[in-house]
Amino acid sequence: MAGVSVLVQGSWRDTLSRFAYQLKKSPMTMLGLGIIVVVLAAVAGAGWLAPYDPNQIGLVHRLAPPSAQHWFGTDEVGRDIFSRVLFGGRQSVGVGLFVAFASSIVGSAAGCFSGVMGGRVDSIVMRAMDVVLSVPSLVLTMALAAALGPSLFNAMLAITIVRIPFYVRLARGQTLGIREMAYVKAARTFGATRRHIVSWHIARNALSPIIVQTTLDIGNAILMAAALGFIGLGAQQPTAEWGAMVATGRNYLLDQWWYTVFPGFAILITAMGFNLLGDGVRDMLDPRLKVK
Amino acid sequence: MADATMPGQARATPDAVLDVRDLCLEFPVYKGSVKALNGVSLRVGPGEIVGVVGESGSGKSVTAMAALRLLPPGGFTVTGGTLTLLGRDVLAATEKDMRAVRGRDAAMIFQEPLTALNPTKRIGAQLADVILCHQNLTKTQVRDKAVALLRDMYISDPEQILRRYPFELSGGMRQRVMIALAFSCDPRLLIADEPTTALDVTVQRQVLLLLQEKARERGTAVLFITHDMAVVSQFCDRVYVMYAGSVVEQGNTREVMARPRHPYTRGLLQGLPENAPPATVLPSIRGQVPDMAALPRGCAFRDRCDHADDACAVRPALRSLDGDAARKAACWHVLVEEPAP
Amino acid sequence: MTDAADAPVLALDEVEVRFPVAADWLGRPNRYAHAINGVTLDVRRGEILGIVGESGCGKSTLAQLLMGLLEPTGGDVRRAAASDAARANVQIVFQDPQSSLDPRLPVWRVIMEPVYVRGGGRLSSLRGRAAQLALKVGLRAEQLDRYVHEFSGGQRQRIAIARALSSDPDVIVLDEPTSALDISVQAQILNLLLDLQRAYGLTYVLISHNVSVVRHLCDRVAVMYLGQIVEVGRARDVLGDPRHPYTRLLLDSVPRLGEPFAPGVPSVNTELPSNRTLPAGCFFRDRCPMATAGCELPQRLKPLPGDEHACRCHLQTGETAGPG
């Protein structure tokens, strides 16, 4: 019988095999996946791949251009930029992943709870989310980070808090939709409690769009973390972090272009990789791709 | 492919409104391709009311959509056969040619009028759109024509209806509006894809009476697609029975319903509750419709048929029965006629 | 013991259900959709009761009422059970097997969900029972780990039937069980339903607009129009010798195999009156070819001579209808 996408039904094995098909069909998604794999491998293996200690100062060859000894050149105190980019990736990518998953989990749980409870609880939660959403996200993030004090952890916390309302809305919308489905109505006719409906029906059926959003968010979160680092609210010196490096490199942009360009490029390509993957995941779940 | 060749195929008479010959069509999908049509041949003559009966996967709706080239471009491949609509080759025509034909020479009505009508426009505006698309008239002329059309459909207050939105009307009323839209430019062929399936039975009767009256009045040929055998037997002059993408039986409706010769048609008719005493076991066809992405070799009905044998490994062609060119069945073991009750 | 066996398993007494559709500026509802307007009906143990009607007659609301998803705004619903303290276990088979089964649950869980919810034991023990049920409805035990979309329409309906059976229900409500199925599959499902009913002495309430299916399965039939029962009785009486003008119209409109159209002109007014404002007197008056004096008074459901057969039309029952 026609009409229902294979990807919003069935086991996760089915979904994975469909994903593999989508990958073959879409070179951009494969590119995205490839980039992510390379970046994650490089960042995880920074300990082995980095030729130098990222914090090792060598004032003799400060601000040296890219060469065989220093692939990405050196910064103003002679630290190897390549090594700093590799280790800095741990901060930036780590933040991205943490923020995306933390906000997703907390937000989805809250949204689902709100959708299931309905009534006044729902209203209170939604109004609270509206308040958070009414402030432009970058401003709010900066304000929170500044208030909590400049550190990487506080930056992560700030970005997470700002992202939560999106997941609350998403999960709530999904929950409300699934509640109206015939199989949930059927469950109610056998006297199912709300807890049962959530654990048996809502959780597994609401996941797909949440996963898409989370994947797309990783790229955004990396950009946000870099933005915070850029204005000095993220990781503090001497910790390597892409945004901070771009910021410091600004001062040397005209003559020592490599200082800004390489970390900037790292941010760009990592965010792009996650975005391409996220687009691929979203296309995969596109209801237009129905199996007859 | 182990197909038998068709002996002495008749030439298409130039006045056939719709002439489909050996059409083979498939949809590439996730795991291979779905062979939706496997050598479908059917013909609609001018002024005839022809029915196409089948279950899901039979290809009946695909045939209808293909006739007006309404299938998504690029989403399907024609692997054989021809399709001629009013003398034009549909498969080779440009979109521009087809747009001139649709609505004017050939029209279509669908099962769910709520999705076929634009929910954001009033009925009057939609009627005007269609009329203006094919005829150049002044605003007053268009409005008068719209009112006349609706009145012709036995709608009692046409001016009122013109001002309404589709969601404000009942299902039967919407279907009458669809029929009015379809007849607005006096088409030579009307394709109706399950137009009454979603309607109540009392409303269905009215809609069918209306359709029959208007088609006969204007000499419009109708291709009526349905899964309801009873409706076909009331409404259509001739019928084609489709299964798994091909025609398995065809002929005069009365004949086919009273004396089905293909095991599938007979199985279908015997399984209808109206044909059995209440609370008895209904003779049913075992198994289910085959997966269209993986059709078996030979006769597609083979696995479900009680009369199948080795000969059925070769796909049977449609052959005339009893010397009657219009009465055909695609079976090596065409059922013997039972004596009339 | 005889009394308990004779007591109807579900009894509706002058039930009314209305839904608010508009409210005044203070939020108090001031207009209603009157879905059910005085239905009195018994569902007897072991019978197959059919409810026939077209869209707008209230049969879907009636299904929800029988299921316990709705409470009546007027009148009374009594749900007796074999053990008289407990509420009757009413299970339902929906029209669309695709949307009424969770696409992300393996089929054995779908089938056993009612049992689990009613406290039937741990999930692991239920797997075995699911296999037994599967055999009863014609599915193979090894298919139980698959997901709903891997089955055909007919098989999905079998899954739905297995689910309805799993908790040993007192009544099974079948809401258009074959309307979404191919005709070749319809026969299989009808056969299955009859088999199960005979083997286990089940009680069915079959709600459908398909007169042929109702005629085939049901012992008794009730015809609904605009939230009322206009005719009720044994199936062969109601469908073979219909008395109410609406029943006659309905049966005449059913297309018959092999017969051409009965001659007729497409008439103008064929729509159900709105249920926002109920008509005064007989609800069918505007469409009735026999409308006459006396029809402007509310009609009551009165028995016809003979047993069991009742009709809501004073011209048939010979009653001078009184108000209410």
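Chains as they are written, first to last, in this note's numbering: chain A, 8 to 299; chain B, 17 to 357; chain C, 3 to 326. All C-beta atoms in this analysis are idealised placements derived from N, C-alpha and C, irrespective of residue type, glycine included.
One question on the structure: do residue i and residue j come within less than 7 Å of each other, judged by their Cβ atoms?
i: Val-92/C; j: Val-173/C; result: yes
i: Val-6/B; j: Ile-241/B; result: Nothing about residue 6/B can be read from this structure; chain B reaches only from 17 to 357.
i: Trp-249/A; j: Ile-274/A; result: yes
i: Val-297/B; j: Asn-193/C; result: yes
i: Ile-50/C; j: Tyr-206/C; result: yes
i: Pro-61/A; j: Ala-178/A; result: no
i: Ala-234/A; j: Gly-103/A; result: no
i: Ile-185/C; j: Gln-159/C; result: no
i: Arg-331/B; j: Cys-321/B; result: no
i: Leu-226/B; j: Gly-188/B; result: no
i: Leu-239/B; j: Val-66/B; result: yes
i: Ser-249/B; j: Thr-269/B; result: yes
i: Ser-57/B; j: Asp-38/B; result: yes
i: Arg-47/C; j: Ile-113/C; result: no
i: Val-45/C; j: Pro-10/C; result: yes
i: Gln-301/C; j: Arg-245/C; result: no
i: Val-175/C; j: Ala-65/C; result: yes
i: Gly-63/B; j: Gly-235/B; result: yes
Per DSSP, which residues does residue i bridge with? Please list them.
i: Asn-268/B; result: Arg-254/B
i: Leu-176/C; result: Val-95/C, Leu-208/C
i: Tyr-259/B; result: Ser-262/B
i: Pro-108/C; result: Tyr-149/C
i: Tyr-227/C; result: Gln-230/C
i: Met-124/B; result: Ile-207/B
At a CB-CB cut-off below 7 Å, which residues of chain A make contact with residue i?
i: Ser-102/C; result: Ala-189, Tyr-190, Ala-193
Against residue i, what residues of chain C qualify as contacts under a CB-to-CB distance less than 8 Å, listed in chain order?
i: Val-124/B; result: Here residue 124/B turns out to be Met, not Val, going by the sequence shown. Result: empty, since nearest Cβ-Cβ is about 21 Å, beyond 8 Å.
i: Phe-197/A; result: Gln-93, Glu-115, Pro-116, Val-119, Arg-120, Ser-169
i: Thr-95/B; result: Near Thr-95/B there are no residues of chain C at all, since even the closest Cβ is about 26 Å away, more than 8 Å.
Check the Cβ of residue i against every Cβ in chain B and list those closer than 9 Å, keeping chain order.
i: Pro-281/C; result: Those within 9 Å of Pro-281/C in chain B number zero; the least Cβ separation is about 17 Å.
i: Phe-263/C; result: Arg-221, Leu-224, Leu-225, Gln-228, Gln-250, Phe-251
i: Glu-273/C; result: Ser-186, Gly-188, Met-189, Val-219
Which bits of chain C does residue i rub up against, with CB to CB less than 7 Å?
i: Pro-129/B; result: The premise fails here: Pro-129/B is roughly 14 Å from chain C at the closest Cβ pair, so nothing lies under 7 Å.
i: Ala-309/B; result: Near Ala-309/B there are no residues of chain C at all, since even the closest Cβ is about 14 Å away, more than 7 Å.
i: Glu-290/B; result: Ser-214, Leu-259
Under 9 Å Cβ-Cβ, which residues of chain C neighbour residue i?
i: Arg-203/A; result: The sequence shown places His at residue 203/A, not Arg. Simply Glu-115, Tyr-118, Val-119.
Kindly list, in the order they appear in chain B, the residues whose Cβ is closer than 7 Å to that of residue i.
i: Leu-193/C; result: For the sequence presented, residue 193/C should be read as Asn rather than Leu. Ordered by position in chain B, the residues that pass the 7 Å Cβ test against Asn-193/C are Val-297, Leu-298, Ser-300.
Determine the chain A residues that contact residue i at a beta-carbon separation under 9 Å, and present them in chain order.
i: Asp-98/C; result: Ala-189
Could you work out which residues of chain B lie near residue i, taking near to mean beta carbons separated by less than 8 Å?
i: Val-150/C; result: Neighbours of Val-150/C on chain B: none; closest Cβ ~15 Å, over 8 Å.
i: Ala-237/C; result: Pro-294
i: Ser-154/C; result: Gln-304, Val-305
Positions along the region 63-80 of chain C whose CB lies within less than 8 Å of some CB in chain A: Met-69, Gly-70, Leu-71
Which residues, in chain order, does the region 205-232 of chain A contribute to contact with chain C at a C-beta distance below 8 Å? Trp-207, His-208, Arg-211, Asn-212
Counting only Cβ-Cβ distances shorter than 9 Å, please list the residues of the region 107-126 of chain C near chain A, keeping chain order. Leu-107, Pro-108, Arg-111, Val-112, Glu-115, Pro-116, Val-117, Tyr-118, Val-119, Arg-120
Sufficient close CB pairs (3 or more, under 8 Å) joining the region 149-161 of chain C to the region 241-253 of chain B: no
Any contact of the region 324-338 of chain B with the region 247-255 of chain C, i.e. 3+ C-beta pairs under 8 Å? no
If you measure beta-carbon to beta-carbon, which residues of the region 67-80 of chain B are closer than 8 Å to chain C? Glu-71, Ser-72
Is it true that the region 148-161 of chain A meets the region 179-195 of chain A, where meeting means three or more beta-carbon pairs spaced less than 8 Å apart? no
Closer than 7 Å, Cβ to Cβ, to anything on chain C: give me those residues from the region 132-157 of chain A, in chain order. none
Tell me whether the region 158-166 of chain A and the region 193-200 of chain A touch, counting them as touching only if at least three CB pairs, one residue from each stretch, are closer than 8 Å. no
Along the region 13-32 of chain C, where does the CB come closer than 9 Å to a CB of chain B? Name the residues. none
Closer than 8 Å, Cβ to any Cβ of chain B: which residues of the region 171-187 of chain C, in chain order? Asp-184, Ile-185, Ser-186, Val-187
Within 8 Å, do at least three Cβ pairs link the region 50-58 of chain A to the region 198-211 of chain A? no
Return the residues of the region 200-217 of chain C that lie within a Cβ-Cβ distance of less than 8 Å from chain B, sorted by chain order. His-211, Val-213, Ser-214, Val-215, Arg-217
Do the region 226-237 of chain B and the region 149-162 of chain B meet, that is, are 3 or more Cβ pairs less than 8 Å apart? no
Any residues in the region 226-246 of chain B with a beta carbon nearer than 8 Å to a beta carbon of chain C? Which ones, in chain order? Leu-226, Gln-228, Glu-229, His-243, Asp-244, Met-245, Ala-246
For the region 31-50 of chain B against the region 297-309 of chain B, do three or more pairs of beta-carbon atoms, one drawn from each stretch, fall closer than 8 Å, so that the two count as touching? yes
Are the region 43-58 of chain B and the region 90-98 of chain B touching by the rule of at least three beta carbon pairs closer than 8 Å? yes
Are at least three pairs of beta-carbons, each pair with one atom in the region 126-145 of chain C and one in the region 53-63 of chain C, less than 8 Å apart? no
Contact the region 176-187 of chain B vs the region 137-147 of chain B: 3+ CB pairs below 8 Å: yes
Are the region 120-127 of chain B and the region 190-209 of chain B in contact at 8 Å, needing three or more beta carbon pairs? yes
For the region 134-158 of chain B, enumerate the residues whose C-beta is nearer than 7 Å to any C-beta of chain C, in chain order. none
Contact list for the region 45-57 of chain C against chain B, Cβ threshold 8 Å: Glu-56, Ser-57
Residues in the region 245-258 of chain C with C-beta within 7 Å of chain B's C-beta atoms, listed in sequence order? Leu-251, Leu-252, Ser-255, Val-256, Pro-257, Arg-258
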